[in-house]
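Under my numbering, the very last position in the sequence shown is 536; numbers go up by exactly one each time.
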Amino acid sequence: MKSSYRQRSIGNRKLSPETLMTSYGYDPFLSEGSVKPPVFLTSTFAFRSAEDGKEFFNYVSGRKAPPNAEDAGLVYSRFNHPNLQIVEERLAVLEGGEGALMFASGMAAITAAILAFARPGDTILHSQPLYGGTETLFVGTLAPFGLKAVGFTDGLSAGAVEAAVAKTAGGKVPIIYIETPANPTCGLVDFDLMVKAADEIEKRQGSRPLIVVDNTMLGPIFQAPLQHGADIVVYSLTKYVGGHSDLVAGGVIGRAKDLAAIKKIRSAFGMQLDPHSSWMLGRSLETLHLRMERASTSASKIARWLKDHPKVAEVHHPELIARGNYQTVYRKFCKAGGSTFAFTFKEAGEAGAFRFLNDLHLFTLAVSLGGTESLISHPASTTHSGVAKEIRDSVGVTDGLVRISVGLENPDDLIADLAEAMEKV
Ligand SMILES: *Cc1c(COP(=O)(O)O)cnc(C)c1O
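Encoded structure:
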C-alpha cells in the first residue's frame, strides 16, 4: 500500500475529520508495520549524526525553523515524543488550527496559554462563571504574580461586556479568556461581542488581545471557535475528547506563531503529556464523533423529559434556554447542545437534591463529565463549594441545582432511573 499518512484529500474530495482520526499523522512503516502506533516509552532519542543533534537542538530551542514543521526531529521527551506528535496533528485537524499542543492536564494547557502572553501588571478580561480551577488560577494563583482579572457574567449582553472592557482601562489586556457554554449553567458567550471587545482594546492599547476559548464542553464536534474570531482554543481533554474517564490531559490549538510561544512554556515547565496518555487519546479520537453525537441526542431527550416533570423548575440545556438572544447566539455558533447540563427542583434545596442523588442506580455520583458513563453531581456542595454563596446564587449555582453528564447508556434506561429517584424528592 502507498504511504499516505498525511493525505488530506482523495482526488477532488477533501477528507472528513472523522476519516482522518484513524490514521492521520502515523506511518506504520516507521514502526515495523504496526497498524496502531506503539507506545514510545523512551526519555531520549538517538541522533544519526552529531550534525543532526546540533540541528535538532536549533529547532527545539526555536533558534531556527525546521524546513518542515512536522519533521523537526526528536530530541528528548519533555520537548516532544512520537505519541504526542501523532495525536497533536489529529487534534489540529479536528479543530481546524495550524497546530496543536498537548499537556499533562487541562489546567496545564490553560496556564501555559496565559503565561506565554501575560506579564506582571496585565489584566485578563474573562467570562464568568469559569471552571472552578480556572477561576482559582486567575484569582488566587496568578494574582501574586501581578496578573489582574476582570470578569463579565453576561456574555450575551453588549452593555455588560463594554462595562467590563471599560474597567480594564489603564493596564494592558493581552488576553480575552472565555468559557462557553459555561459549566454548569450552559450560559453562552457571543463570539461577535468578543471580536468587538478585542477591536476596542486594540484601538486603546495598540496591540490586539488574543481571544482564548475553553472549548471543553462542545468542542471540537459541536463548536469551532477558530471559525468565529478566536485565536486560541484550550481544552481539558480529560472530558469528551478522552471520553472514557480514564485519563487526565489538556490541549491548545491555534496558529503556529502563538503555539511556538506556548510550547516554550511547556518545555520549560515540563507540562507535556506522557506517551501512554497520549496513546489513549489517539484511541479516543477514533470514536469521538460517534460518542459526542450519541450522547448529545440522548441528553436532548432527557432534558425534554425533565422539563415536563412536575417537580422540576428549570432545565439549563442549550436547546431549552429562552432568555434574551440566547437561542439566536446558540444557533449561530453551536451545532448541538452536547450532553452536560443542569436542572433545578421547584421546591427541594440541598436536602431534597441529596435524597434524589442518593437514590440513583445508573448515574454515578461523581464530578467530571464527558465519559461513556453518565455522571451526576451537586455543584454547590462540590465543584463550586469554594465560591461564596451570594456569588453562587447570583450565577445560578443554587442549592437545588443538579448537573448531569449524559453518557452512552440507553436514554430510556436513564430516564427510568431519574423517574424513580424523583419520587424521593
Ligand atoms: C475539567 C475542566 C478543566 C480543567 O481540566 P483538567 O483536565 O481537570 O485539568 C478546564 N475547563 C473546563 C471547562 C473543564 O471542564
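Positions of the beta carbon are idealized from the N, C-alpha and C atoms, including for glycine.
Take residue i and list the residues in its own chain whose beta-carbon comes closer than 7 Å to its own, dropping the five residues that flank it on each side.
{"i": "Ala424", "result": "Thr455, Phe456 and Lys457"}
{"i": "Ser389", "result": "Asn194, Leu195, Val198 and Met213"}
{"i": "Arg377", "result": "Leu212, Phe214, Ala223 and Gln383"}
{"i": "Lys422", "result": "Phe456, Lys457, Met533 and Val536"}
{"i": "Lys374", "result": "Leu212"}
{"i": "Met328", "result": "Pro292, Asn294, Gly449 and Thr451"}
{"i": "Phe249", "result": "Ile235, His237 and Ala260"}
{"i": "Arg466", "result": "Lys535 and Val536"}
I need the DSSP call for residue i, collapsed to helix, strand or coil.
{"i": "Leu525", "result": "helix"}
{"i": "Asp419", "result": "coil"}
{"i": "Val250", "result": "helix"}
{"i": "Phe263", "result": "strand"}
{"i": "Lys125", "result": "strand"}
{"i": "Ser115", "result": "coil"}
{"i": "Gln239", "result": "coil"}
{"i": "Asp325", "result": "strand"}
{"i": "Leu439", "result": "It should be noted that the sequence gives Thr, not Leu, for residue 439. Reduced to three states, the DSSP call for Thr439 is helix."}
{"i": "Tyr137", "result": "coil"}
{"i": "Leu473", "result": "coil"}
{"i": "Val352", "result": "coil"}
{"i": "Ser172", "result": "coil"}
{"i": "Arg402", "result": "helix"}
{"i": "Arg434", "result": "coil"}
{"i": "Ala275", "result": "helix"}
{"i": "Arg466", "result": "helix"}
{"i": "Ala161", "result": "helix"}
{"i": "Glu397", "result": "coil"}
{"i": "His427", "result": "strand"}
{"i": "Phe151", "result": "coil"}
{"i": "Ser450", "result": "coil"}
{"i": "Gly244", "result": "helix"}
{"i": "Phe156", "result": "coil"}
{"i": "Arg377", "result": "helix"}
{"i": "Ser142", "result": "coil"}
{"i": "Gly281", "result": "coil"}
{"i": "Ser411", "result": "helix"}
Below 6 Å CB to CB, which residues in the same chain sit around residue i once its five sequence neighbours on both sides are set aside?
{"i": "Pro149", "result": "Ser142"}
{"i": "Met218", "result": "Gly244"}
{"i": "Gly144", "result": "none"}
{"i": "Val300", "result": "Ser238, Gly266, Ile289 and Thr291"}
{"i": "Ile312", "result": "Val284 and Pro320"}
{"i": "Ala271", "result": "Phe263 and Asp265"}
My guess is that residue i and residue j are in contact by the Cβ rule of under 8 Å, so how many angstroms apart are they, rounded?
{"i": "Ala293", "j": "Pro240", "result": "5 Å"}
{"i": "Phe452", "j": "His427", "result": "6 Å"}
{"i": "Leu267", "j": "Tyr437", "result": "6 Å"}
{"i": "Leu525", "j": "Val517", "result": "7 Å"}
{"i": "Gly482", "j": "Ser356", "result": "4 Å"}
{"i": "Glu520", "j": "Leu473", "result": "6 Å"}
{"i": "Ser411", "j": "Glu430", "result": "6 Å"}
{"i": "Ala220", "j": "Gly210", "result": "About 14 Å; that fails the 8 Å criterion."}
{"i": "Val352", "j": "Leu392", "result": "7 Å"}
{"i": "Leu126", "j": "Arg117", "result": "Not really, about 11 Å apart at Cβ, beyond 8 Å."}
{"i": "Phe333", "j": "Cys445", "result": "6 Å"}
{"i": "Leu399", "j": "Gly354", "result": "7 Å"}
{"i": "Ala335", "j": "Gly207", "result": "6 Å"}
{"i": "Lys350", "j": "Ser479", "result": "7 Å"}
{"i": "Leu476", "j": "Pro331", "result": "With 8 Å as the limit, Leu476 and Pro331 do not qualify as a contact, their Cβ atoms being about 29 Å apart."}
Enumerate in chain order the residues of its own chain whose CB-to-CB distance from residue i is below 8 Å, with the five nearest sequence positions on each side excluded.
{"i": "Lys175", "result": "Glu166 and Asn169"}
{"i": "Thr133", "result": "Glu397"}
{"i": "Ala274", "result": "Phe263"}
{"i": "Val261", "result": "Thr234, Ile235, Leu236, His237, Ala275, Lys278 and Thr279"}
{"i": "Gly551", "result": "Given a span of 112 to 536 for the chain in the structure shown, any question on residue 551 remains unanswerable."}
Let me check you understand the geometry: is the CB of residue i closer than 8 Å to at least one non-hydrogen atom of ligand 2?
{"i": "Val352", "result": "As for ligand 2, it is missing from this structure, which binds only ligand 1."}
| query | Pairing CB atoms from the stretch 310-320 with CB atoms from the stretch 188-198, are three or more of them under 8 Å? | reply | They do not touch, by the three-pair rule.
| task | Please list the segments of the alpha helix (DSSP H) lying wholly inside the stretch 485-512, counting only runs of 4 or more residues, in order along the chain. | result | Fully enclosed alpha helix (DSSP H) runs of 4 or longer: 500-505.
| request: Flag this pair as touching only if the stretch 379-390 and the stretch 488-505 have three or more C-beta atom pairs under 8 Å; answer yes or no. | output: The stretch 379-390 is not in contact with the stretch 488-505.
| request: Starting from the N-terminal side, write out each stretch of the beta strand (DSSP E) that is 3 residues or longer and does not extend beyond the stretch 174-234. | output: When DSSP assignments are scanned along the stretch 174-234, the uninterrupted stretches of beta strand (DSSP E) that are 3 or more residues long and fall wholly within it turn out to be 210-214.
| Should the stretch 354-365 be called in touch with the stretch 167-186, which here means at least 3 C-beta pairs below 8 Å? | Segments in contact, no.
| message | Quick check: the stretch 280-296 against the stretch 230-247, are at least 3 beta-carbon pairs closer than 8 Å? | response | Touching, yes, given that three or more Cβ pairs across the two stretches are closer than 8 Å.
| message | Does the contact criterion of 3 or more C-beta pairs under 8 Å hold for the stretch 504-515 versus the stretch 461-477? | response | Three or more beta-carbon pairs separated by less than 8 Å link the stretch 504-515 to the stretch 461-477, which places the two stretches in contact.
| query | Are three or more beta carbon pairs between the stretch 152-164 and the stretch 339-347 nearer than 8 Å? | reply | The answer is no - the stretch 339-347 does not touch the stretch 152-164, with fewer than three Cβ pairs under 8 Å.
| said: Just to confirm the assignment: which complete alpha helix (DSSP H) runs, minimum length 4, are found wholly within the stretch 283-334? | reply: Fully enclosed alpha helix (DSSP H) runs of 4 or longer: 302-316.
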